[in-house]
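S.K.: Sharing a structure with you now.
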Amino acid sequence: MSSTLLSTQGLVARYGDFQALYGIDFEISEGEVVALIGANGAGKSTLLKSIMGLLRVAPEMVRLDGRPVGGSKPNRMVSDGVAIVPEGRRLFTGMSVVDNLRVAIDHAAVPRGTAWTLDRVFELFPILREKQAVPVQSLSGGQQQMVAIGRALLNQPRLLLCDEISLGLAPKVVKEIYRAIPSISANGTAIILVEQDVGLARSASNRLYCMLEGRVSLTGRSQDISREVIGAAYFGGAHAVA
Amino acid sequence: MQWLDGLVQGVLLGGLYAQYALGMALMFGVMRIVNITHGDLMILLALTGISLAATFALGPWTVLMVLVALGAILGLLLQRLILNRVVGADPLPSLIATFGLSVALQNAMLQVWSADTRSLGGGDIAQASFQLGTLYVGVLPVIVLATATLLTGGLDATLRYTRFGRSLRAASADVEAAAMTGVNPKGVYAGATAVAVAILGFAAVFQSMRATVAPADGPFQLIYAFEAVIIGGMGSIWGAFLGAMVLGISQSIGFRIDPGFGILAGHLVFLLILALRPQGLLGKD
Amino acid sequence: MTDALAAASTTTFDGPRVRVQRRTTSSIVALILSVVVLVAVASMPLWASQGLIRDIVRLCCYIAIAQMWNMLAGYAGIVSVGQQAFVGVAAYMMFIIAQLWGVDPFVAVVLAMIAPALLAIPTYGLLHRLDGPYFAIGTWVIAEVMRLATSNFGYVNAGAGMSLRVMTGYSATERAVGISLLAALMLLVTVGGSYWLLRSRYGLALIAMRDNPIAAASQGVNVSRLRFLIWVAAAVGTGLAGAIYFMAQLRITPPSAYDPNWANIAIFIVMVGGLGSLEGVIIGALIYFFADRWFGQYGATYLVVLGLLTLFMALFARGGIWGLICKVVDAPWFPTRRTLVEERQ
């Protein structure tokens with residue numbers, strides 16, 4: 001794991017009057033897989049949104065290759081090599097699978113390493129090749145998630161943000177989707193995984209951050225942290241003592 | 001015979017209405033905005049074209065090219081200066097902003113061009129006609145219909161098969177997700193508005209060649225465009241075309257029943273469709 | 001309301017006792033002023049010239065129509081650009097009842113209100129299927145249909161229009177008294193009625209609906225029914241103004257009755273004065289009235305300025321002039337807001 005790809009320093013974000021993040025320090029290196037865990041409302045999705053430019057933050061709070069990029073428009077972030085698999089998938093209803101993917105190809109960043117192509121996405125998720133002409137809204141949840149991941153990959157990201165990609169899917173489908181993670185990071189792509197399932201998050205990542213009420217409550221190498229320590233950081237002080 | 005003639009004339013009239021309706025369907029589909037100046041912009045382009053033709057002795061086809069280019073520029077300006085600030089979930093700001101602009105534009109045109117009706121000399125083509133069975137059909141209306149068909153087909157293909165079209169469809173499905181996939185929403189909106197107003201350049205030339213234009217006519221063209229879009233089914237380009245045909249035929253048949261009933265018949269058919277098939281002829285439930 | 005809250009506060013926690021307060025010093029002043037204005041309008045024949053009475057009646061009509069539009073756009077979230085449909089249909093109905101059926105014109109004004117109500121019901125049924133901005137243009141179509149239908153309707157003398165000759169049965173003074181009383185009644189019904197509605201238990205629902213219709217619906221506000229009721233009520237209020245206006249004019253034609261300018265005036269007044277407040281409507285109406293008197297002679301140029309001003313307000317100052325005033329001083333004339341005040345024990 002070489003140089004830092006993206007970092008946040010003292011990241012503060014708010015929705016109107018409600019402050020959601022209180023000074024987050026976070027970093028990820030090229031090719032690394034970092035998991036973000038934490039209870040509902042801990043600020044995981046907010047952190048991704050702030051990185052992606054969906055929430056207003058000060059420029060120097062988010063740095064990409066050391067450059068301040070906080071608050072850049074999402075489409076700018078995409079051309080700088082950051083792509084997202086958004087929560088709830090957010091596919092383009094009414095368009096076919098392949099047209100959904102083509103929108104990403106149309107607006108891809110300059111690829112580093114081996115470029116993602118439609119063929120490579122179809123190798124990763126073979127079912128999509130069969131369904132490519134089908135309108136996305138008629139796919140199953142798991143298939144839609146594959147389209148969402150494929151779409152983000154075709155943006156040729158150096159950093160891929162995955163927001164709860166296992167949410168609402170059957171265990172078998174979740175396994176199938178997580179099987180794709182190593183082949184994505186093999187490309188040199190760094191991945192941030194926001195995940196509710198702590199076990200899954202630990203096994204799929206190199207490092208993890210645990211968030212609690214808008215702050216980072218724990219960080220370290222995924223394999224070195226015990227379940228008990230995670231539990232304490234996950235639920236907060238009172239539980240940690242108990 | 002009278003009715004068959006009414007039907008044919010109605011379809012030809014529908015060709016003109018389709019040219020008003022396409023841009024409106026496009027803008028509403030992408031931005032959920034109804035631009036109340038839609039008709040006024042067409043009139044502005046038409047009056048500008050008539051003045052240009054008179055001043056520089058331009059032929060109608062040269063005027064057409066100038067107006068399409070001018071329309072695209074006007075569209076970009078409209079988007080940059082006004083619509084950009086009012087795009088959003090709440091329909092009120094965009095309606096009121098364009099409503100105010102519409103009042104201002106109509107009266108400004110009244111100052112510049114006075115209330116007189118004007119038209120654009122089309123040379124021989126404007127008068128030419130040919131016989132089809134027992135009917136006489138004007139050459140110009142057929143050109144208008146053919147142009148409308150080509151514009152509709154072209155716009156539909158653009159939406160289906162081009163990068164710009166995919167971006168438009170993505171933005172109209174979910175603008176934030178489109179931005180997260182790299183689409184620049186402002187660029188897409190600017191493009192949609194430019195195309196919509198550029199199409200009005202065609203409508204402006206044909207309207208002023210076929211009939212007349214006056215500064216206060218804009219709201220009527222807006223209403224025809226709107227009725228065509230709703231009759232055909234929101235969000236469908238060919239729907240807008242079909243709706244324009246239905247509207248043209250209704251007005252033309254109504255006019256033959258009683259000259260005072262023509263426009264009203266169009267409105268009534270619109271209300272009837274709204275009552276019986278609110279999603280429009282081609283709309284999905 | 002006060003009791004319930006106070007009770008809740010004592011049973012659930014030992015917090016301070018609170019009561020709900022809406023009255024403010026400025027509101028008491030405004031209330032007294034409102035009564036003075038109403039009495040003044042009603043008693044115009046005693047102190048005003050014929051010309052002044054005509055002007056004040058016109059101003060009252062503007063206030064009424066604008067306030068009805070304000071209820072629609074500012075609270076019910078309905079944008080209409082076709083309010084002239086109700087102006088025209090009510091005025092024409094009044095002419096029919098009075099001139100053709102021989103009913104006393106002053107009674108006819110009230111009876112004619114059935115027409116805008118009857119038009120509003122199916123109109124809503126048809127148009128509410130349309131998405132927000134398309135609803136607005138739909139209202140315009142309705143107004144056009146009414147104008148064209150009236151122009152073709154021989155019973156009301158088609159495009160040539162009608163005169164209210166029965167008014168000659170009254171002397172000039174009697175007419176002035178009748179019109180003044182009607183104008184005062186109209187202000188009471190439209191402005192007073194709106195204020196009463198906003199302060200009633202529906203008022204909270206309306207304000208909730210204005211701020212966020214989806215959240216309001218989830219809190220048990222029947223948004224669609226409330227919208228419908230306001231739509232019909234606004235149609236009647238607008239119609240009342242139309243009937244009174246054309247009674248004062250004594251003459252009606254389809255283009256004047258269904259003039260799109262009615263909607264322009266309402267929108268201008270509300271957007272410049274301040275959307276979603278009674279104060280804004282009054283400010284806007286006064287501005288429009290005087291602007292029209294002073295600059296109306298410039299015709300088209302003046303309307304260009306009005307249009308651009310509306311555009312400017314929609315872009316940069318959605319709250320209108322009243323919104324700007326509120327940023328500086330907080331002294332509502334017609335408070336609809338409830339303030340919790342801690343009671344000293």
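Protein chains in written order, with the UniProt record's numbering: chain B, 1 to 242; chain S, 1 to 285; chain X, 1 to 345. The beta-carbon is built from N, C-alpha and C at its ideal position, and this holds for glycine as well. Everything numeric in this text was worked out from a predicted model, so none of it was measured.
Comparing C-alpha positions only, which one of B:I165, B:V98 and B:S72 sits nearest to A179 of chain S?
M.R.: B:S72
S.K.: Please name the residue or residues paired with F18 of chain B in a DSSP beta bridge.
M.R.: B:Y15
S.K.: Counting only C-beta atoms, is Q111 of chain S closer than 8 Å to chain X at any point?
M.R.: yes
S.K.: According to the neighbour-count rule (16 or more other Cβ atoms, all chains shown, within 10 Å of its Cβ), is A108 of chain B buried or exposed?
M.R.: buried
S.K.: Quick check: is the beta carbon of G88 of chain S nearer than 8 Å to any beta carbon in chain B?
M.R.: no
S.K.: Within the continuous beta strand (DSSP E) that includes T219 of chain B, where are the two ends?
M.R.: R215 to R221 is the span of the beta strand (DSSP E), which, as asked, contains T219 of chain B.
S.K.: Taking just the CA atoms, how far does A115 of chain S sit from V114 of chain X?
M.R.: Residue 114 of chain X is actually Ile in this sequence, not Val. Those two C-alpha atoms are separated by around 38 Å.
S.K.: Using the three-state DSSP reduction, which class does I165 of chain B fall into: helix, strand or coil?
M.R.: Residue state, collapsed to three classes: coil.
S.K.: For residue 355 of chain X, write down the residues that DSSP places opposite it in a beta bridge.
M.R.: The requested residue 355 of chain X is not part of the displayed model; chain X covers only 1 to 345.
S.K.: What is the DSSP secondary structure of L282 of chain S, reduced to helix, strand or coil?
M.R.: coil
S.K.: Can you tell which of B:I184, B:A42, B:L91 and B:I51 has its C-alpha closest to the C-alpha of V82 of chain B?
M.R.: B:I51
S.K.: With H, G and I counted as helix, E and B as strand and the rest as coil, what does DSSP make of R175 of chain X?
M.R.: In the three-state reduction of the DSSP assignment, R175 of chain X falls in the helix class, which pools H, G and I.
S.K.: Enumerate, from N- to C-terminal direction, the unbroken beta strand (DSSP E) stretches of 3 or more residues contained entirely within the segment 53-141 of chain S.
M.R.: 129-132 and 135-138
S.K.: Just to confirm, is the Cβ distance from S167 of chain S to G29 of chain S under 8 Å?
M.R.: no
S.K.: Please report the distance separating the alpha-carbon of V205 of chain S from that of G14 of chain S.
M.R.: 16 Å
S.K.: Pair every Cβ in the segment 73-89 of chain X with every Cβ in the segment 202-213 of chain X, then say whether three or more of these pairs are closer than 8 Å.
M.R.: yes
S.K.: Which same chain residues end up closer than 6 Å to A133 of chain B when comparing Cβ atoms and leaving out the 5 residues on each side of it in sequence?
M.R.: S96
S.K.: DSSP on T4 of chain B, reduced to helix/strand/coil?
M.R.: strand
S.K.: If contact is defined by three or more beta carbon pairs under 8 Å, each pair taking one atom from either stretch, is the segment 289-309 of chain X in contact with the segment 131-141 of chain S?
M.R.: no
S.K.: Across the segment 212-220 of chain B and the segment 9-23 of chain B, are there enough close Cβ pairs to call them in contact, namely three or more that are closer than 8 Å?
M.R.: yes
S.K.: Can you tell me where the beta strand (DSSP E) holding Y298 of chain X begins and where it ends?
M.R.: Where Y298 of chain X is concerned, there is no enclosing beta strand (DSSP E), given that its DSSP letter is neither H nor E.
S.K.: Excluding the 5 residues flanking A30 of chain X on each side, which residues of the same chain have their C-beta closer than 7 Å to its C-beta?
M.R.: W333 and F334
S.K.: Can you give me the Cβ contacts of D89 of chain B inside the same chain, cut-off strictly under 7 Å, excluding the 5 residues immediately before and after it?
M.R.: Going by the sequence as given, residue 89 of chain B is Arg instead of Asp. If we look at R89 of chain B and ignore the five residues flanking it on each side, its Cβ neighbours are Q144, Q145 and A148.
S.K.: Check whether the segment 246-259 of chain S and the segment 126-143 of chain X are in contact - that is, three or more C-beta pairs closer than 8 Å.
M.R.: No, the segment 246-259 of chain S is not in contact with the segment 126-143 of chain X.
S.K.: How would you label E164 of chain B, buried or exposed, when you count the other beta carbons within 10 angstroms and need 16 or more for buried?
M.R.: buried
S.K.: Touching or not, the segment 84-104 of chain X and the segment 104-124 of chain S, by the rule of three or more beta carbon pairs under 8 Å?
M.R.: no
S.K.: Whole angstroms is fine: what's the gap from P126 of chain B's alpha carbon to P59 of chain B's?
M.R.: Looking at the two C-alpha atoms, the distance is approximately 40 Å.
S.K.: Report the rounded CA-to-CA distance for S124 of chain B versus L167 of chain B, giving the unit in angstroms.
M.R.: In the sequence as displayed, the identity of residue 124 of chain B is Leu instead of Ser. Distance between the alpha carbons of L124 of chain B and L167 of chain B: 20 Å.
S.K.: Just checking, does the segment 45-58 of chain S make contact with the segment 227-244 of chain S on the three C-beta pairs under 8 Å criterion?
M.R.: no
S.K.: With a threshold of 8 Å between beta carbons, is L306 of chain X in contact with chain S?
M.R.: yes
S.K.: Return the chain-ordered list of same chain residues with a C-beta closer than 6 Å to the C-beta of Q345 of chain X, the five sequence neighbours on each side being excluded.
M.R.: Reliability of the predicted coordinates at Q345 of chain X is poor, the pLDDT of 47 falling under 50, and the value obtained from them is presented with this limitation in mind. If we look at Q345 of chain X and ignore the five residues flanking it on each side, it has no Cβ neighbours.
S.K.: Going by CA-CA distance only, name the one from X:G159, X:E144 and X:V145 that's closest to S151 of chain X.
M.R.: In terms of Cα proximity to S151 of chain X, the closest of X:G159, X:E144 and X:V145 is X:G159.
S.K.: Go through its chain and collect everything with a Cβ distance to L130 of chain X's Cβ below 7 Å, but skip five positions before and after it.
M.R.: Hits under 7 Å: G138.
S.K.: Going straight from the alpha carbon of G201 of chain S to that of T4 of chain B, what length do you get?
M.R.: 53 Å
S.K.: Output the boundary residues of the beta strand (DSSP E) element that contains V82 of chain B.
M.R.: V82 to V85
S.K.: In the DSSP assignment, find the beta strand (DSSP E) that holds A225 of chain S and state where it starts and stops.
M.R.: Segment G218 to G232 is the alpha helix (DSSP H) holding A225 of chain S; no beta strand (DSSP E) there.
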